[in-house]
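Here's the structure we're looking at; comments come further down.
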Amino acid sequence: MDLIQHWDKAYTARAEDALTWFEETPAQSLRFVRQHLPKGGALVDVGGGASRLIDHVLANGAGALTVLDLSAQALQIMRDRLGDAPVTLVQANVCDWAPDRAYDLWHDRAVFHFLTDPADQARYLATLARALRPGGVAIIATFDLTGPEMCSNLPVQRYSPETLAARVAKLAPGLLTPLDAERHTHRTPKGNMQDFQFSVFRESADMG
Ligand SMILES: C[S@@+](CC[C@H](N)C(=O)[O-])C[C@H]1O[C@@H](n2cnc3c(N)ncnc32)[C@H](O)[C@@H]1O
C-alpha cells in the first residue's frame, strides 16, 4: 500500500473525531497561529488532514487559507464540513509541493515526524523555504522524545525543541531561527496520552 492509500484508509476506517490525532479545539496551534498570523495574512496548514484548526481561524477572520494533505479523503471531509468557505485545498506530498504564492505562516502538527529519512526531511524544508515569505513563521509540532514511537501504524522520529532545531539547522543551515517552544500532552479520543513538542521558528531572512 502506498502512502496515499494508507492515509485515505485511515480517514475512511474511522470517523474523523475518533482518529487518535483529533482535537475539537486545537488550543496550542491556535494560540501560536493567533500570535503569529498577521491580520489578513496567508496561512498554510501542511498535512492538515481534516483538522478543525482552519474552522477556528476562519471564525476569527483571516486572509488566504490553504490546507495541503496527501489524502483526498481527508480533504473531502474538510470540504464537506467547510462548504464554500474560502479555503484552498491541495492534494500533494509536502516534500514535492511547489507553492504558487508566499505564506506568512506555516503550520504542521504531526507531519514532519513521519519523515524518518533525512533526504525527505531536507525536501520538506526546501518546500518550506519556497512557501514562507522572508521573515515568515513556521510552527512545527511533533511527538516529543517521550511521545509514542508510532503514529497511525507508521514509525515516527521524535524530537525535543532542541533536537528539532538542531535537525533543521543541519539540513537547512540558516533557514530558520527558533523563536518559541512549548510541551503539550494530547489526550486521544480513547484517553491515551501522547507527548508533543510545538516549536516556532522565524524564517531567518528577516533577522539581519
Ligand atoms: C497525524 S495526522 C495529523 C493531521 C492534522 N495535522 C491534525 O493535527 O489533525 C497526519 C496527516 O499528515 C498527512 N500526511 C502524511 N504525510 C504527508 C506528506 N508527506 N505530505 C502531505 N501530507 C502528509 C496525512 O494524510 C494526515 O492527514
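Residues 312 to 519 (the working numbering) make up the sequence shown, in order. Beta carbons are placed, not taken as given, at the ideal position from N, Cα and C, and that holds for glycine. Quick caveat, the model's predicted, so the values are computed rather than measured.
Enumerate in chain order the residues of its own chain whose CB-to-CB distance from residue i is below 8 Å, with the five nearest sequence positions on each side excluded.
{"i": "residue 339", "result": "452, 493, 495, 507, 509"}
{"i": "residue 333", "result": "327, 499, 500"}
{"i": "residue 455", "result": "469, 470, 471, 494, 506, 507, 508"}
{"i": "residue 413", "result": "353, 442, 443, 444, 447"}
{"i": "residue 474", "result": "456"}
{"i": "residue 335", "result": "328, 363"}
{"i": "residue 312", "result": "320"}
Name the DSSP bridge partner or partners of residue i?
{"i": "residue 506", "result": "496"}
Just to confirm my understanding: we take residue i, look at its own chain, exclude 5 residues before and 5 after, and list those with CB closer than 6 Å. What are they?
{"i": "residue 369", "result": "396"}
{"i": "residue 360", "result": "380, 385"}
{"i": "residue 315", "result": "381"}
{"i": "residue 483", "result": "436"}
{"i": "residue 450", "result": "343, 418, 511"}
{"i": "residue 518", "result": "Legend: pLDDT at residue 518 = 46, less than 50; position of this residue unreliable, no value from coordinates given."}
{"i": "residue 429", "result": "none"}
{"i": "residue 347", "result": "416, 448"}
{"i": "residue 367", "result": "341"}
{"i": "residue 329", "result": "500"}
{"i": "residue 349", "result": "415"}
{"i": "residue 403", "result": "379"}
{"i": "residue 337", "result": "364"}
{"i": "residue 432", "result": "426, 482"}
{"i": "residue 440", "result": "486"}
{"i": "residue 513", "result": "448, 488, 490"}
{"i": "residue 318", "result": "381, 382"}
Which of the three DSSP states, helix, strand or coil, is assigned to residue i?
{"i": "residue 511", "result": "strand"}
{"i": "residue 313", "result": "coil"}
{"i": "residue 326", "result": "coil"}
{"i": "residue 519", "result": "Bear in mind that the predicted position of residue 519 carries a pLDDT of just 42, short of 50, making it too unreliable to give a figure here."}
Our contact map puts residue i next to residue j with C-beta atoms below 8 Å; I'd like the distance itself, whole angstroms only.
{"i": "residue 363", "j": "residue 406", "result": "Not really, about 25 Å apart at Cβ, beyond 8 Å."}
{"i": "residue 465", "j": "residue 425", "result": "6 Å"}
{"i": "residue 388", "j": "residue 322", "result": "6 Å"}
{"i": "residue 422", "j": "residue 357", "result": "6 Å"}
{"i": "residue 377", "j": "residue 408", "result": "In fact, because the Cβ distance is near 10 Å, the residues do not count as touching under 8 Å."}
Ignore the nearest five residues each way along the sequence and tell me which others in residue i's own chain have a CB closer than 7 Å to its CB.
{"i": "residue 374", "result": "351, 352, 353"}
Q | Segments assigned beta strand (DSSP E), at least 3 residues, entirely inside the segment 368–451 | A | Segments of the beta strand (DSSP E) lying fully in the segment 368–451: 376–380, 398–402, 414–420.
Q: Quick one: which unbroken beta strand (DSSP E) runs of 3-plus residues sit fully inside the segment 330–367? Chain order, please.
A: Counting only unbroken stretches of 3 or more residues, the beta strand (DSSP E) elements lying wholly within the segment 330–367 are 354–357, in sequence order.
Q: Scan the segment 444–500 and note each continuous beta strand (DSSP E) run of 3 residues or more that stays entirely inside, going in chain order.
A: As far as the segment 444–500 is concerned, its whole beta strand (DSSP E) runs of at least 3 residues are 487–498.
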